[in-house]
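Participant:
2 protein chains.
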Amino acid sequence: MLAIGTLAKRTGTKVQTIRYYEEIGIMPEPGRTEGGQRRYGDAELDRLAFIRHSRQLGFSLDAIRELLDLSDSPGRSCAEVDAIAQRQLRDVEARIDRLEALRAELHRMIAECGSNRVADCRILQVLRDHGECLSDHAKAET
Amino acid sequence: MLAIGTLAKRTGTKVQTIRYYEEIGIMPEPGRTEGGQRRYGDAELDRLAFIRHSRQLGFSLDAIRELLDLSDSPGRSCAEVDAIAQRQLRDVEARIDRLEALRAELHRMIAECGSNRVADCRILQVLRDHGECLSDHAKAET
DNA sequence: CCTGTATCTACAGTCGCTGTAGAATAGGGG
DNA sequence: CCCCTATTCTACAGCGACTGTAGATACAGG
Ligand SMILES: [Zn+2]
Ligand SMILES: [Zn+2]
Ligand SMILES: [Zn+2]
Ligand SMILES: [Zn+2]
């Protein structure tokens, strides 16, 4: 049986994060010692490892919750699992596209500025006016 | 003189966002009507446009605050402006690198799954064990 | 003057944690 | 067996950058 700190170390998680996962119901309420401290077994270790690795791959906690639910039905088709992963892939690709547009604009405005005075800094001119941009980088968040 | 809703429409901002910018001190407190409603002039319109465009290019509000401060000293060298933009570029490039690693892993795990049963879904296997990954996608956030 | 839209303040909620305070517990050394 | 320190406990606030809500008030057109 593992104390929460041991579980944290083994999975590269902060202790508070584990408690947070319990609070939002993505980790189960574990057994407790007489004094009220959480004790974990191997099942919880595996589950937390799954959550952390999925987070590292960019899945939202909601998506991970679905994935965990699905993996409890081993006989089922994995079509839904695949759909979640495909959504995640499309999301990542959309972010990349957006960031590449940003990179191009940033690169260009930096290149055009020869470190003059603020009054005629190309970077500030571009920031003042999207008309100076070449791409349609606008849209959503970073 | 523009009401807040007009300013919002002209800059593609939500009304609450403008009030939020005022609250955190990145937009000035504007004049008010007798009844207490905010009224804006062209200077504020320009400032808000600068903020919004910079946000679209991924700059943090803190960075934007610095940029706005710097652009108030037209005679100064723009070296600091350039440094902020370079930081932003490096940040964007780091995000792209990370997202491309994620994209590769996601793409691979999706390709390896032929939509079988959950019990032997490659996607779930990879999520359970980072050892199945080829790249070191771990690190920071998305 | 009336009505409907816009604006006002204040506050809660989003996502995924992270940090803090103050109290209680666990476990090892003497 | 006692003590001490490290760990854990609960509860809550804060991050960044907004977004949404409720209930009250102001403005503008007809
Ligand atoms: Zn410059
Ligand atoms: Zn632009
Ligand atoms: Zn599958
Ligand atoms: Zn991995």
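These protein sequence lines are chains U and P, in that order. Each residue of the first sequence is one higher than the one before, starting from 24 at the first, in the working numbering. Each residue of the second sequence is one higher than the one before, starting from 24 at the first, in the working numbering. Every residue gets a Cβ at the ideal spot worked out from N, C-alpha and C, and that includes glycine.
(1) Would you identify the three-state DSSP class for Ser100(U), choosing helix, strand or coil?
(2) Any heavy atom of ligand 1 closer than 7 Å to the CB of Leu77(U)?
(3) Here's a check: name, in chain order, each residue in its chain whose Cβ is nearer than 6 Å to the Cβ of Met24(U), leaving out the five neighbours to either side.
(4) Tell me where the beta strand (DSSP E) around Arg42(U) begins and ends.
(5) Below 7 Å between beta carbons is the criterion; list the residues of the segment 141-155 of chain U that meet it against any residue of chain P, in chain order.
(6) Can you say whether Ala72(P) is buried or exposed, counting buried as having 16 or more other CB atoms within 10 angstroms of its CB?
(7) When you compare each of Leu91(P), Ala127(P), Pro53(P) to Leu150(U) by their alpha carbons, which one comes out closest?
(8) Starting from the C-beta of Ile49(P), find all residues in its chain whose C-beta is less than 8 Å away, skip the five residues before and the five after it, and write them out in chain order.
(9) Taking beta-carbon pairs under 7 Å, can you tell me which members of the segment 100-126 of chain P lie near chain U?
(10) Quick one: does Glu128(P) have its CB under 8 Å from some CB of chain U?
(11) Within the same chain, show all residues whose beta-carbon is closer than 8 Å to that of Glu52(U), passing over the 5 residues directly before and after it, in chain order.
(12) Report the option in Val104(P), Ala124(P), Asp120(P) whose CA atom is closest to the CA atom of Leu157(P).
(13) Taking the alpha carbon of His160(P) as the reference point, which residue from Arg145(P), Asp143(P), Ala117(P) has its own alpha carbon closest?
(14) I want to verify the contact list: residues of chain P whose CB lies under 7 Å from the CB of Ala161(U), in sequence order.
(15) Measuring from each Cβ to the nearest heavy atom of ligand 4, keep the ones under 5 Å and list them in chain order.
(16) Using three-state DSSP, classify Gly64(U) as helix, strand or coil.
(17) Show which residues of chain U have a CB atom less than 9 Å away from the CB atom of Ser158(P).
(18) Hey, would you say the C-beta of Cys144(U) is under 7 Å away from at least one heavy atom of ligand 5?
Facilitator: Taking the geometry as given:
(1) Locating residue 100(U) in the first sequence gives position 77, counting from the first residue. DSSP places Ser100(U) in strand when its eight states are reduced to three.
(2) Translated into the one-based positions of the first sequence, residue 77(U) becomes position 54. According to the sequence as given, residue 77(U) is Ser; it is not Leu. No, ligand 1 has no heavy atom inside 7 Å of this Cβ.
(3) By 1-based counting over the first sequence, the position of residue 24(U) is 1. Excluding sequence neighbours, Met24(U) sits near Arg62.
(4) Along the first sequence, read from residue 1 onward, the residue named residue 42(U) stands at position 19. Not the beta strand (DSSP E): Arg42(U) falls in the alpha helix (DSSP H), residues 38-46.
(5) Val141, Ala142, Cys144, Ile146, Leu147, Leu150, Arg151, His153
(6) To locate residue 72(P), count along the second sequence from 1; it is residue 49. Flag for Ala72(P) reads buried.
(7) Translated into the one-based positions of the first sequence, residue 150(U) becomes position 127. Comparing Cα positions, the closest option is Leu91(P).
(8) Translated into the one-based positions of the second sequence, residue 49(P) becomes position 26. Closer than 8 Å at the Cβ level, and outside the excluded window around Ile49(P), lie Ile74, Leu84, Ile87, Arg88, Leu91.
(9) Ser100, Cys101, Ala102, Val104, Asp105, Ala108, Gln109, Gln111, Leu112, Val115, Glu116, Arg118, Ile119, Leu122, Glu123, Leu125, Arg126
(10) Within the second sequence, the letter at position 105 stands for residue 128(P). Cβ-Cβ to chain U under 8 Å: yes for Glu128(P).
(11) Taking the first residue of the first sequence as 1, we reach residue 52(U) at position 29. So the qualifying residues of the chain are Glu45.
(12) Locating residue 157(P) in the second sequence gives position 134, counting from the first residue. For Leu157(P), the nearest C-alpha among the options comes from Ala124(P).
(13) For the purposes of this step, residue 160(P) is identified with residue 137 of the second sequence, where counting begins at 1. Checked all of Arg145(P), Asp143(P), Ala117(P); the closest Cα to His160(P) is Ala117(P).
(14) For the purposes of this step, residue 161(U) is identified with residue 138 of the first sequence, where counting begins at 1. Under the 7 Å cutoff, chain P gives Gln79.
(15) His153(P), Cys156(P)
(16) Translated into the one-based positions of the first sequence, residue 64(U) becomes position 41. Residue state, collapsed to three classes: coil.
(17) Position 135 of the second sequence, counting from 1, holds the residue named residue 158(P). Residues of chain U passing the Cβ test: none, with the nearest at roughly 11 Å.
(18) With respect to ligand 5, the structure offers nothing, as its ligand set consists of ligand 1, ligand 2, ligand 3 and ligand 4.
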